[in-house]
Structure formats: C-alpha cells, structure tokens
Amino acid sequence: MFSRAYKTIVTAPPLLWATVFLLVPYVLMFCYSFWSVSAAQAIIHSWDLANYKKLFQVDVYWQTLLRSMWIAARVTIFSLVLGYPLAYFLSFYAGKRKDLLYQLVIIPLWVSYLVRAYAWKTILGSDGVMNTLLQYVHLTKHPLEFLLYSPFAVVLTLTHIYTPFAFLPIYAALEHIPRNLVEASHDLGATPVQTFWRVIFPLSIPGVVAGATFAFVLSLGDFLAPLLLGGPSGIMISNIVVSLFGAAYNWPLGAAISLCMLLLVVSLLFLSERLEKKWSFS
Amino acid sequence: MEFLVSGDSATIPRSRWLMAHVLIVFAFLYLPIAVLILYSFNGEGVGGFPPRHLTFDWYRTLFQDGPIWDSVFNSLQVAFAAMVISLTFGVPAALALDRAQFPGKVLFRRLVLLPLILPGIITGLSLLMLFNVAGTKLSLLTIVLGHGTALISVATTEVFAGLQKLDRAQEEASLDLGANYWQTFWRITVPNLKLPIIGAALLIFTLSMDEIAVSFFLIGRDNTLPLEIWGRLRRGITPEINAVSTIIFVFSLVAIVFWYRLRVRGETREAAGTEIAEAAEGGLV
Amino acid sequence: MAFITSSAASITTAESPTKSTLLSIRNVAKSFGKNVVLREISLEIGEGEFLTILGESGSGKTTLLRIIAGFESASSGEVWMGEERLDRQPPYRRRVNTVFQHYALFPHLTVEQNVAYGLRVAGRPEAEVASRVAEALEKVRMTAHAKSKPSKISGGQQQRVALARALVNRPRLLLLDEPLSALDANLRRQMQVELKSLQREVGIAFVFVTHDQEEAMVMSDRIALLRSGELEQIATPREIYSQPATAYVAQFIGHTNLLQGDVRQGVVRVAQSESLSWPAQVPDGQVLFSLRPESIQVVAAARPGTPGRVRVRSRLLQQAFHGATELIRVECPGGLVLTVRTPSGAGIQKEVDLEFSPASVVQVRPSPGRN
Numbered sequence: 526m527f528s529r530a531y532k533t534i535v536t537a538p539p540l541l542w543a544t545v546f547l548l549v550p551y552v553l554m555f556c557y558s559f560w561s562v563s564a565a566q567a568i569i570h571s572w573d574l575a576n577y578k579k580l581f582q583v584d585v586y587w588q589t590l591l592r593s594m595w596i597a598a599r600v601t602i603f604s605l606v607l608g609y610p611l612a613y614f615l616s617f618y619a620g621k622r623k624d625l626l627y628q629l630v631i632i633p634l635w636v637s638y639l640v641r642a643y644a645w646k647t648i649l650g651s652d653g654v655m656n657t658l659l660q661y662v663h664l665t666k667h668p669l670e671f672l673l674y675s676p677f678a679v680v681l682t683l684t685h686i687y688t689p690f691a692f693l694p695i696y697a698a699l700e701h702i703p704r705n706l707v708e709a710s711h712d713l714g715a716t717p718v719q720t721f722w723r724v725i726f727p728l729s730i731p732g733v734v735a736g737a738t739f740a741f742v743l744s745l746g747d748f749l750a751p752l753l754l755g756g757p758s759g760i761m762i763s764n765i766v767v768s769l770f771g772a773a774y775n776w777p778l779g780a781a782i783s784l785c786m787l788l789l790v791v792s793l794l795f796l797s798e799r800l801e802k803k804w805s806f807s
Numbered sequence: 152m153e154f155l156v157s158g159d160s161a162t163i164p165r166s167r168w169l170m171a172h173v174l175i176v177f178a179f180l181y182l183p184i185a186v187l188i189l190y191s192f193n194g195e196g197v198g199g200f201p202p203r204h205l206t207f208d209w210y211r212t213l214f215q216d217g218p219i220w221d222s223v224f225n226s227l228q229v230a231f232a233a234m235v236i237s238l239t240f241g242v243p244a245a246l247a248l249d250r251a252q253f254p255g256k257v258l259f260r261r262l263v264l265l266p267l268i269l270p271g272i273i274t275g276l277s278l279l280m281l282f283n284v285a286g287t288k289l290s291l292l293t294i295v296l297g298h299g300t301a302l303i304s305v306a307t308t309e310v311f312a313g314l315q316k317l318d319r320a321q322e323e324a325s326l327d328l329g330a331n332y333w334q335t336f337w338r339i340t341v342p343n344l345k346l347p348i349i350g351a352a353l354l355i356f357t358l359s360m361d362e363i364a365v366s367f368f369l370i371g372r373d374n375t376l377p378l379e380i381w382g383r384l385r386r387g388i389t390p391e392i393n394a395v396s397t398i399i400f401v402f403s404l405v406a407i408v409f410w411y412r413l414r415v416r417g418e419t420r421e422a423a424g425t426e427i428a429e430a431a432e433g434g435l436v
Numbered sequence: 006m007a008f009i010t011s012s013a014a015s016i017t018t019a020e021s022p023t024k025s026t027l028l029s030i031r032n033v034a035k036s037f038g039k040n041v042v043l044r045e046i047s048l049e050i051g052e053g054e055f056l057t058i059l060g061e062s063g064s065g066k067t068t069l070l071r072i073i074a075g076f077e078s079a080s081s082g083e084v085w086m087g088e089e090r091l092d093r094q095p096p097y098r099r100r101v102n103t104v105f106q107h108y109a110l111f112p113h114l115t116v117e118q119n120v121a122y123g124l125r126v127a128g129r130p131e132a133e134v135a136s137r138v139a140e141a142l143e144k145v146r147m148t149a150h151a152k153s154k155p156s157k158i159s160g161g162q163q164q165r166v167a168l169a170r171a172l173v174n175r176p177r178l179l180l181l182d183e184p185l186s187a188l189d190a191n192l193r194r195q196m197q198v199e200l201k202s203l204q205r206e207v208g209i210a211f212v213f214v215t216h217d218q219e220e221a222m223v224m225s226d227r228i229a230l231l232r233s234g235e236l237e238q239i240a241t242p243r244e245i246y247s248q249p250a251t252a253y254v255a256q257f258i259g260h261t262n263l264l265q266g267d268v269r270q271g272v273v274r275v276a277q278s279e280s281l282s283w284p285a286q287v288p289d290g291q292v293l294f295s296l297r298p299e300s301i302q303v304v305a306a307a308r309p310g311t312p313g314r315v316r317v318r319s320r321l322l323q324q325a326f327h328g329a330t331e332l333i334r335v336e337c338p339g340g341l342v343l344t345v346r347t348p349s350g351a352g353i354q355k356e357v358d359l360e361f362s363p364a365s366v367v368q369v370r371p372s373p374g375r376n
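Residue numbers (this note's numbering), protein chains in the order written: chain A, 526 to 807; chain B, 152 to 436; chain C, 6 to 376.
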C-alpha cells in the first residue's frame with residue numbers, strides 16, 4: 526500500500542540520525558576501549574586488551590562492579606516486593622478509584638530525580654528529619670550514622686525511585702488477565718488465595734520480568750544516588766566511569782568499563798525477552 | 152466486567168493486609184516530596200525536626216537568584232529544541248517500523264529503543280566521544296543533540312502504539328479518493344496521531360527539563376537547571392533548593408496529570424466503543 | 006356447534022416435571038444502580054432437568070445465571086439449594102459449576118491441567134484426579150489433546166474442554182452461558198445434540214442460557230422465557246409453542262399471526278377482516294389471538310369448504326422458499342396480512358384459498374410494546 530518513495534522518506538532521516546548519533550558513538554566507544562592514555566594525557570591507539578585486564582585485575586574496579594550488582598539486586602527485590610501488591614490491589618480491588626490511584630503512582634516518577642534524591646538526603650542526614658525526629662521522641666540519643674553516606678541510603682533511595690518503574694509493567698500484565706478466568710477459577714472451587722497463585726501470578730510473570738529488568742538495569746547504571754548519598758562505601762561502577770572521564774582522566778579505561786556495562790545490559794535485556802516470551806500465553 | 156462487584160460480601164473479602172501495604176507504599180513514595188515542600192517553608196533552614204518559623208523567605212531569595220533563572224531559561228530552550236528533534240525523527244521512525252521493511256531493521260529498532268533503558272551515562276559518554284572526535288565544542292547545542300537522541304525513543308514508542316490503533320482502512324480510503332501520500336499523511340494520519348504526539352511532546356519536554364546523566368557529560372559553559380542545582384548541592388545544601396524543588400514538583404505534577412488525561416481521553420473514546428459493542432452482544436445483561 | 010378456542014394459558018407450569026426440586030429461586034430481583042435488570046423472578050429447577058433460560062439481550066438472563074453461580078448477588082430475594090441458602094455462599098463453595106461463554110480456559114495450563122483444576126484445588130489425591138480427568142476427557146472425546154494448550158485447539162474443542170472441566174467436579178447443577186454462540190451453524194447443531202445426550206447420560210440438572218429460540222426448543226425439558234427482567238412464561242417446549250401465554254411469547258418462539266378480535270355474543274370477528282369469524286366461548290370484548298402459519302392450509306379453489314373450518318380467499322403478496330416448506334404472505338379482504346406455511350412444490354396461484362380450524366387459534370394476553 527505504501528509506495529517506495531514514502532517508505533524511503535520515512536525511513537532515511539531516522540536511520541541517518543540513529544547511525545550518526547547512536548551507532549557511531551557506540552563504535553567509537555568500542556574503539557576507545559582498546560586504546561590507552563599516555564602520561565602526557567594523550568590518547569595512544571595501542572589496540573590491546575590492557576583496559577579489560579585492568580578492570581578484572583584491579584580490586585577496586587571489579588569489587589565496585591560486584592557491589593553495584595548487589596545493590597541493584599537488592600533494589601530490584603525491594604521494588605518488586607513493594608510494587609507487585611500495589612499493582613495487584615489497583616488492578617483487582619480498586620474499582621472506581623483505579624484511575625486516580627494509578628495517577629498517584631506515576632506522579633512521583635516524573636518529579637525530578639534529583640529533587641527526590643536530594644530530599645532523601647535531607648531526611649537521612651545526621652541533622653536530618655529522621656534523626657532529629659527519632660531523638661525528639663527519645664527513641665535514640667545520638668544520630669544514626671548508617672542512615673546516610675552508606676549503601677543503605679543508596680538502596681533506599683533507588684528503591685524509592687524505581688518502585689514505580691517495577692509497578693508499571695506488572696500492572697499492565699495484570700490488567701491484561703481476562704476477568705472471566707478469575708471467575709472460572711472461583712467457579713471451580715479455588716479460594717481467592719488459590720486463584721492468585723494458580724492463575725493470576727503465573728499469567729503476570731512477563732510483567733514481573735520486565736519490571737525486574739527495568740529496576741535492575743537502571744539501578745546498576747545509576748551514578749547520582751551514590752554520589753549524593755553513598756559516601757565512600759556506597760560508590761558504584763558509574764561513579765568510577767564518571768571520574769575516569771573527569772578528574773582521573775582515562776577515557777579508554779572509562780570506555781572499556783562502559784562497554785562492559787553496555788554488554789551486561791544488552792544480555793540482560795535479551796535474557797529477559799526470552800523469559801517473557803516463555804511465560805506469555807496469548 | 153468488574154471483579155469485586157459493588158463490594159458484596161458474598162464475593163471477595165477485602166484483604167486488610169493488602170490495604171495496609173498499599174498505604175505504606177504510597178507513604179514511602181510521597182514522604183520525600185512532602186518533606187521537601189514542608190521544609191521549603193522552614194525558617195530554620197534545612198533539616199531539623201520539627202520545622203519552625205514557617206516563612207516564604209526561601210522563595211523570595213529564589214526569585215532574586217540570577218543564575219538559577221538563567222539556567223531555567225537554558226533548560227527551557229533545550230527542552231523545546233529536544234522536543235522538536237525527537238518528534239521530527241521519532242514520528243518517521245515509528246512509521247518506518249510500522250510500514251517499511253529494510254535491511255538492518257531489527258538493529259535499527261533496538262538502537263532506537265536502547266536509550267530508554269540504558270543508563271544515561273552510557274548515552275552521554277558515547278556522544279561525548281563522538282563530539283570529541285568531531286572536534287565539536289561542548290555547549291547547549293551538544294546537550295540538545297544528546298537529549299534529542301536519548302528521547303527519540305519516547306516519541307517512537309508513543310507514536311508506534313498510536314499507529315497500531317489507527318485503522319489502516321482510513322488511509323486506504325483517502326488514497327482511493329484521490330489524495331496522494333503527502334496529503335494523506337497530513338489530513339488523515341497526523342490528526343489520528345494527535346493524542347500520542349502531544350502526549351509524547353509533553354513527556355519529552357518534562358524528561359528533558361529533568362535530565363542529568365546525559366547532560367552531565369555534554370555541558371559547556373551554560374548550565375541547565377538540574378545541573379545548576381547539582382552544582383550547588385556539591386557546595387552544600389541551601390534551603391533555596393527546597394523551594395526550587397517544590398516549584399519543580401508543582402510543574403511536573405501539572406504536566407503529568409495533563410498527559411495522563413490526554414491518554415485516557417484517547418483510550419476511553421475507543422474503550423467506550425468496545426464496551427458498548429460488548430454490552431450490545433448481550434454479555435452483561 | 007360451538008367451538009372452543011383455547012383460552013390464554015397460565016404463565017407457569019410452576020412445578021418442574023421431574024421428581025424433586027434442586028434449586029429454588031424466590032423473588033430474586035437485581036438492579037445496577039438505577040438500572041433494574043431483574044424484577045422478582047421466582048422459579049424452581051428440578052433434579053436432572055434441562056432448563057433453558059431464553060431471552061433477548063437485555064432480558065436479564067445472563068444476570069440470573071451469574072446470581073446462581075455467585076458472581077453477582079441479588080438485590081433482594083433468595084436462592085435455595087435443598088435446605089441451604091445458596092446465595093450466602095461465595096462461588097467457590099457452591100456445588101455449582103459454569104461453562105462460560107468464551108470458555109475461560111486457563112491459557113497457561115494444558116487441557117488436562119485445566120480439567121484437573123477443580124479437583125487439584127480441592128486437594129483430591131493424584132490417583133483419583135488422574136482417573137477422573139481421563140474419564141471426563143473420554144466423555145467429551147478430547148483424550149488425544151490432553152497435553153495441548155488451549156491456544157492450539159479449535160473453538161469447538163475448547164468448548165468441550167470447558168464442559169469436561171466443569172463436569173469432572175460432579176456438581177449438583179451445571180450452568181451454561183450461551184456456550185454455543187461462538188460456533189458456526191453446523192457445528193452448533195451437532196453440539197446441541199451432543200450436549201443433550203451428555204446431559205441425559207450424567208443426569209445432572211443443566212441450566213442453559215441462550216437467545217436462540219430454536220436451540221431452546223431442541224434441547225430443553227422446560228423453557229423459561231425472560232423479557233426485560235420478568236418471567237413471561239415457563240413451560241415445556243411443546244406447551245410454550247402451542248399455548249403461548251402472551252403475544253410476546255407467541256412471536257418470540259416461532260412465527261405467528263396476531264389477530265385482533267372483537268367478541269360479541271360468542272362470535273369472534275377479526276378486526277381487520279370481518280369475513281374472518283368463528284364461534285368462541287369467550288366473554289365479550291377485545292381479544293388478541295395467535296394463529297401459527299402451519300395451522301393454515303392452502304386449499305384448492307374448487308374444493309368446497311369443510312364444515313367447522315374458517316375459509317378465506319386471499320391475494321398472494323410474497324413467497325419465500327425455506328427448503329421443505331414455503332412461507333407465503335397473503336392479503337385477506339379487509340387488509341389483514343397473514344403468514345402461511347405450506348409444503349414446497351405445490352404451485353401457488355395469485356389467488357390463494359386458505360382454511361384453518363378455530364381450535365388452532367390460541368388466545369394470548371397482549372404484550373406492551375409488541376402489538
């Protein structure tokens with residue numbers, strides 16, 4: 526139905542843009558990762574695997590990577606634990622208020638990330654709301670140090686940011702479940718709890734996988750929360766990359782680490798797509 | 152069909168634990184925002200409990216703060232330009248994905264959608280390397296290009312979803328009646344995509360105003376609002392930040408509610424049609 | 006000789022023809038907000054009976070079914086099964102199972118797992134589950150597809166699985182919500198026969214909801230006709246056909262001719278066609294009658310009139326071929342238009358002589374909005 530000319534006009538500009546601004550930069554990053562930097566801060570086209578070796582041999586690099594993955598894993602679990610029952614409630618129990626509640630859930634999503642991360646800083650600091658409140662009601666005598674500048678603060682903040690991200694695909698999946706399946710399950714004698722585990726949950730798994738993927742991938746690559754709230758013990762891999770492009774000037778190494786992250790993310794996406802397909806039954 | 156019909160006790164009992172959980176999650180989601188707003192009026196400054204001396208002082212200081220307004224102006228320019236770029240390339244991208252077959256289509260689709268889920272710094276870094284090799288100086292322009300690239304995926308996904316709902320027969324009818332492709336595009340396709348396009352525009356604008364990760368690497372001399380705030384945060388917290396954050400929150404709130412209403416309006420018109428059809432089939436009554 | 010025209014039949018053959026009452030619906034009414042969907046329905050369902058709830062969309066038939074199943078609760082009234090109040094129980098405690106309109110098979114479970122669902126949920130031992138499931142699949146001839154997923158089998162097959170899934174639990178009552186409406190005509194006729202014989206075989210009471218009156222006639226022991234939330238008539242198919250209580254019933258089930266009559270001193274005169282008249286033992290006044298098309302015979306013009314039968318000469322308007330019979334529309338002197346069913350093959354002339362017996366004419370109550 527659509528002419529050749531139409532299709533060309535429609536395809537060419539985005540294709541061009543994607544090539545110049547997406548493909549080429551990634552290729553550049555790929556190339557950079559094999560180069561190195563001289564003492565005089567000049568880029569040497571050495572074409573070797575030195576950077577990758579460094580990533581896996583130098584403690585601070587691979588340990589930070591692992592810590593980042595562990596933080597991301599915790600954020601994912603908490604986001605799912607918080608987000609799934611929320612989605613379930615909205616989809617099956619909210620009735621007329623479903624719309625309003627949905628809006629309430631997505632509003633925080635679009636309120637500036639920076640603003641929210643900063644807000645947690647105000648709350649968790651030794652002079653912050655949480656500590657002064659606890660002391661005010663005499664639950665503690667001294668400020669709790671671990672609240673801020675720790676992995677705890679990072680996990681807490683990232684969970685706060687990414688719970689709505691986990692919520693969205695789970696809610697979409699739950700909404701897709703035909704209600705007559707729930708009625709059929711009840712008709713056949715299953716209680717609401719049995720119905721949830723035998724019918725509703727299995728059919729919502731693609732949503733859970735998607736939500737978990739969002740939460741994990743986005744937390745893994747986060748650099749703001751650790752910078753604001755992580756302290757020395759809460760540094761994540763993105764912070765290292767940022768410093769390599771800043772003060773610790775070593776673009777090739779930074780590119781290598783970025784590329785690793787990119788590959789990690791892409792394989793996770795691939796894996797999650799396979800899982801979603803396996804668990805989708807329509 | 153409603154599952155929990157009119158709350159009849161004969162059907163499903165409401166779970167108390169579930170409701171408690173929901174309330175806790177909402178409290179968790181809104182706590183920081185509430186604190187922020189509350190403390191923007193706090194005379195004692197940042198932190199401390201309970202807040203004392205409620206005052207508008209911080210808002211007054213904010214209004215006299217030159218650099219902040221400069222950065223706001225910069226952000227607005229960037230957001231607007233990013234919106235234009237994302238739509239200009241994102242709408243055709245959606246059309247291409249929906250209607251054209253070409254070698255590398257799969258790679259193209261993945262490339263375009265990747266920035267949506269990739270951590271922003273990777274997008275920012277890769278573009279930095281590009282600009283470095285090309286010898287481009289960092290400035291608001293490079294930020295615009297960065298935002299545009301990152302946010303094309305938003306335009307593409309929204310418009311693509313809208314295209315699925317579009318009845319192909321309408322465009323065929325237009326061609327049949329003598330309009331050419333260009334006319335059909337502007338008279339039939341675009342009007343039908345009005346809602347997704349406006350929704351995408353709103354979303355892109357809001358996301359660009361708040362964008363940090365990509366901007367971080369592509370910044371020149373001029374700051375955007377988030378980066379201006381960020382700079383100040385590094386130097387130490389000032390209560391002004393609470394005030395500006397509250398204002399940002401109010402704007403985001405308005406924008407997102409508006410976006411949602413638009414979306415719902417588009418879906419409701421269509422959902423209402425389906426519901427009526429189903430009811431007519433004698434399903435419910 | 007006075008001929009008696011059948012008088013208006015009573016609304017209900019209140020008791021079910023079978024042995025004992027299984028389900029008793031007492032004054033059940035249902036409104037959704039201001040919308041009144043059911044108005045005080047009372048009826049009884051007997052053990053092992055095949056009852057069809059028949060009606061147009063908007064008649065409330067699906068709502069009534071859902072109330073019995075437990076997915077809606079009545080605004081007022083009670084539902085009793087034996088000595089227990091059924092409507093106080095949640096759906097998963099009722100000994101009632103449903104075959105849903107679009108089958109509602111679980112897409113993530115195989116055919117076998119779907120059928121086993123109710124038994125597993127009840128915690129039956131695996132050996133028992135396996136044997137009962139195998140038996141149920143045998144009965145609906147789906148054994149070969151036991152390990153398939155619902156998306157891979159046809160609509161007719163899905164419907165049989167839905168049946169097996171419901172019946173394997175040995176409910177006291179099976180509800181079927183327009184289960185055949187998604188099937189094409191031939192498959193539908195085949196399934197009607199299968200369902201009927203299945204019901205006979207398992208001996209469970211079936212409550213079948215449909216808008217298709219032919220389907221209802223073919224399958225049911227009794228038909229309950231609903232209109233706008235009220236029970237118009239409940240009777241066996243033969244009774245409901247030959248003794249319709251109201252004009253609506255007469256027109257909904259099969260074709261009919263509605264005749265507005267004037268009764269004076271034991272003689273009926275049809276309003277639009279004064280030449281049509283016959284004696285009747287009916288009190289004076291305005292009366293509505295129903296006369297089925299097949300009760301009117303086309304006779305040769307030359308043949309003399311039969312004593313006791315009403316004869317009229319009419320003009321042919323339209324002829325429609327229906328296979329074994331033809332439906333013809335004719336105009337009588339005075340303007341009355343009649344529909345007549347006659348065997349195919351006999352040539353129909355422009356002038357048609359008709360005859361019918363007054364005994365075939367049934368008095369019906371007028372239905373608002375239908376005359």
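Even glycine gets a Cβ: it sits at the ideal position worked out from N, Cα and C.
Chain-order list of residues whose beta-carbon lies under 7 Å from that of residue 706 of chain A (same chain, five-residue window excluded)
Here residue 706 of chain A is taken as the residue at index 181 of the first sequence, counted from 1. Only 724 meet the Cβ criterion.
Nearest to residue 32 of chain C by CA position, among C:243, C:79, C:225 and C:374, is which residue? The count along the third sequence starts at 1 and reaches residue 32 of chain C at position 27. Nearest C-alpha to residue 32 of chain C: C:79.
What are the uninterrupted segments assigned as alpha helix (DSSP H) that are 4 or more residues long and contained completely in the stretch 295-336 of chain B, given in chain order?
Those alpha helix (DSSP H) runs which fall completely within the stretch 295-336 of chain B and span 4+ residues are 319-327 and 332-335.
Let me know the secondary structure DSSP gives residue 81 of chain C once reduced to three states.
Numbered from its first residue, the third sequence carries residue 81 of chain C at position 76. The answer is strand: DSSP assigns residue 81 of chain C an E or B state.
- Can you tell me which of C:56, C:145 and C:44 puts its alpha carbon nearest to the alpha carbon of residue 63 of chain C? Position 58 of the third sequence, counted from the start, is the residue given in the question as residue 63 of chain C. For the residues C:56, C:145 and C:44, the minimum Cα distance to residue 63 of chain C belongs to C:44.
Practice item. If I'm right that residue 777 of chain A touches residue 631 of chain A with Cβ under 8 Å, what's the distance once you round it to whole angstroms? Key: As a first step, residue 777 of chain A is located in the first sequence; it is residue number 252 there, counting from the start. As a first step, residue 631 of chain A is located in the first sequence; it is residue number 106 there, counting from the start. The pair is not a contact, with the Cβ atoms about 40 Å apart (cut-off 8 Å).
Using 9 Å as the limit for Cβ to Cβ distance, is residue 246 of chain C near chain A?
The residue you call residue 246 of chain C lines up with position 241 of the third sequence. False, the Cβ-Cβ gap to chain A never drops below 9 Å.
When you compare each of A:764, A:540, A:712 and A:531 to residue 124 of chain C by their alpha carbons, which one comes out closest? Start at 1 with the first residue of the third sequence, and residue 124 of chain C comes out as number 119. The shortest Cα separation from residue 124 of chain C among A:764, A:540, A:712 and A:531 belongs to A:712.
For the beta strand (DSSP E) containing residue 35 of chain C, list its first residue and its last residue. On the third sequence, position 30 is the one that residue 35 of chain C refers to. Note, residue 35 of chain C: beta strand (DSSP E), 26-37.
Using a Cβ cut-off of 9 Å (strictly closer), state whether residue 150 of chain C contacts chain A. By 1-based counting over the third sequence, the position of residue 150 of chain C is 145. Residue contact check for residue 150 of chain C against chain A: no CB pair falls below 9 Å.
Checklist entry - Counting Cβ pairs, one atom from each stretch, are 3 or more of them under 8 Å apart for the stretch 383-392 of chain B and the stretch 341-361 of chain B? => result In short, these stretches do not touch, since the Cβ pair count stays below three.
inquiry  = So that I know if they touch, is there some Cβ in chain A lying closer than 9 Å to that of residue 101 of chain C?
reply    = Reading the third sequence from its first residue, position 96 is the one you call residue 101 of chain C. With 9 Å as the cut-off, residue 101 of chain C counts as an interface residue toward chain A.
task = Answer yes or no: do residue 318 of chain C and residue 305 of chain C have a C-beta to C-beta separation smaller than 9 Å?
result = Numbered from 1 along the third sequence, position 313 holds the residue referred to as residue 318 of chain C. Numbered from 1 along the third sequence, position 300 holds the residue referred to as residue 305 of chain C. It is not a contact, given that the beta carbons lie outside the stated cut-off.
Does any C-beta atom of chain A lie closer than 9 Å to the C-beta of residue 436 of chain B? Here residue 436 of chain B refers to the residue found at position 285 when the second sequence is read from its first residue. Caution applies to residue 436 of chain B, whose pLDDT of 30 falls short of 50 and renders its modelled position unreliable; the value that the coordinates give is listed next. Not closer than 9 Å to any Cβ of chain A, the Cβ of residue 436 of chain B fails to qualify, so no.
message: I'd like the span of the alpha helix (DSSP H) that includes residue 53 of chain C, first residue to last.
response: Here residue 53 of chain C corresponds to residue number 48 of the third sequence, with the count starting at 1. Here residue 53 of chain C belongs to no alpha helix (DSSP H), and DSSP marks it neither H nor E.
Q: Throw me the rounded Cβ distance for the residue 571 of chain A and residue 561 of chain A pair, which I believe falls under 8 Å.
A: On the first sequence, residue 571 of chain A is found 46 positions in, with the first residue counted as 1. On the first sequence, residue 561 of chain A is found 36 positions in, with the first residue counted as 1. The Cβ separation is near 5 Å, so the contact holds.
Open item on the list: So residue 192 of chain B contacts chain F; which residues on that side make the cut at Cβ distance below 9 Å?
Closed with: Structure shown: chain F not included; protein chains present are A, B and C.
Quick one: which chain A residues come within Cβ less than 8 Å of residue 383 of chain B? The residue given as residue 383 of chain B occupies position 232 in the second sequence. The contacting residues do not exist; residue 383 of chain B stays about 10 Å from chain A at best.
Point to revise | 8 Å Cβ shell around residue 676 of chain A - same chain, five flanking residues per side excluded | key: Taking the first residue of the first sequence as 1, we reach residue 676 of chain A at position 151. Annotation for residue 676 of chain A: 592, 596, 755, 758 and 759 place their beta carbon closer than 8 Å to its own, counting only its chain and skipping 5 residues before and after.
For residue 99 of chain C, count the other beta carbons within 10 Å of its own beta carbon; 16 or more makes it buried, fewer makes it exposed. Which is it? To locate residue 99 of chain C, count along the third sequence from 1; it is residue 94. With 16 or more other Cβ atoms within 10 Å, it is buried.
Requested in this report: Please list the partners that residue 356 of chain B has in chain A, where partner means a Cβ-to-Cβ separation under 7 Å.
Outcome: Mapped onto the second sequence, residue 356 of chain B falls at position 205. Neighbours of residue 356 of chain B in chain A, taken as residues whose beta carbon is under 7 Å from its own, are absent, since the nearest beta carbon is some 11 Å off.
| chain C beta carbons: is any one of them nearer than 9 Å to that of residue 800 of chain A? | By 1-based counting over the first sequence, the position of residue 800 of chain A is 275. Residue-level contact check: residue 800 of chain A does not touch chain C, since none of the beta carbons of chain C fall below 9 Å from its beta carbon.
Beta-carbon contacts of residue 341 of chain C that lie in its chain and below 6 Å, excluding the five residues immediately before and after: Along the third sequence, read from residue 1 onward, the residue named residue 341 of chain C stands at position 336. These residues qualify, in order along the chain: 277 and 278.
Review point. Taking Cβ-Cβ distances below 8 Å as the criterion, which residues of the stretch 389-416 of chain B are in contact with chain A?
Key: Cβ contacts with chain A: 392, 393, 396, 399, 400, 403, 404, 406, 407, 408, 411 and 415.
Roughly how many whole angstroms lie between the Cα atoms of residue 219 of chain B and residue 379 of chain B? Along the second sequence, one-based indexing puts residue 219 of chain B at 68. Along the second sequence, one-based indexing puts residue 379 of chain B at 228. Their Cα atoms are separated by approximately 7 Å.
Q: Taking the CB atoms as reference points, tell me whether residue 276 of chain B and residue 766 of chain A lie closer together than 9 Å.
A: Numbered from 1 along the second sequence, position 125 holds the residue referred to as residue 276 of chain B. Numbered from 1 along the first sequence, position 241 holds the residue referred to as residue 766 of chain A. Cβ atoms of residue 276 of chain B and residue 766 of chain A: closer than 9 Å.
Taking contact to mean 3 or more Cβ pairs, one atom from each stretch, closer than 8 Å, check whether the stretch 25-40 of chain C and the stretch 147-162 of chain C are in contact.
Output reads no: the stretch 147-162 of chain C does not touch the stretch 25-40 of chain C.
Measure how close the beta-carbons of residue 292 of chain C and residue 268 of chain C come, nearest whole angstrom, since I'm counting them as under 8 Å.
If you number the third sequence from 1, residue 292 of chain C lands on position 287. If you number the third sequence from 1, residue 268 of chain C lands on position 263. Contact between residue 292 of chain C and residue 268 of chain C holds: their C-beta atoms lie close to 5 Å from each other, under 8 Å.
* To do: At 3 residues or longer, and completely inside the stretch 275-341 of chain C: list those beta strand (DSSP E) runs for me, N to C.
  => DSSP runs (the beta strand (DSSP E)) wholly in the stretch 275-341 of chain C: 278-284, 290-296, 302-304, 315-327 and 330-336.
Alpha-carbon to alpha-carbon, residue 799 of chain A and residue 735 of chain A: On the first sequence, residue 735 of chain A is found 210 positions in, with the first residue counted as 1. On the first sequence, residue 799 of chain A is found 274 positions in, with the first residue counted as 1. Residue 735 of chain A and residue 799 of chain A have their C-alpha atoms spaced approximately 11 Å apart.
I believe residue 667 of chain A touches residue 179 of chain B by the beta-carbon criterion, under 8 Å. Please report the beta-carbon distance rounded to the nearest angstrom. What you label residue 667 of chain A is simply residue 142 of the first sequence in a count that begins at 1. What you label residue 179 of chain B is simply residue 28 of the second sequence in a count that begins at 1. Contact flag wrong, Cβ pair sits at about 25 Å.
**Prompt:** Would you report the Cα separation of residue 132 of chain C and residue 173 of chain C, rounded to the nearest angstrom?
**Reply:** The sequence position of residue 132 of chain C within the third sequence is 127, counting from 1. The sequence position of residue 173 of chain C within the third sequence is 168, counting from 1. Each residue's Cα considered, the two are about 14 Å apart.
According to DSSP, which residues form a beta bridge with residue 40 of chain C? Within the third sequence, the letter at position 35 stands for residue 40 of chain C. C:37.
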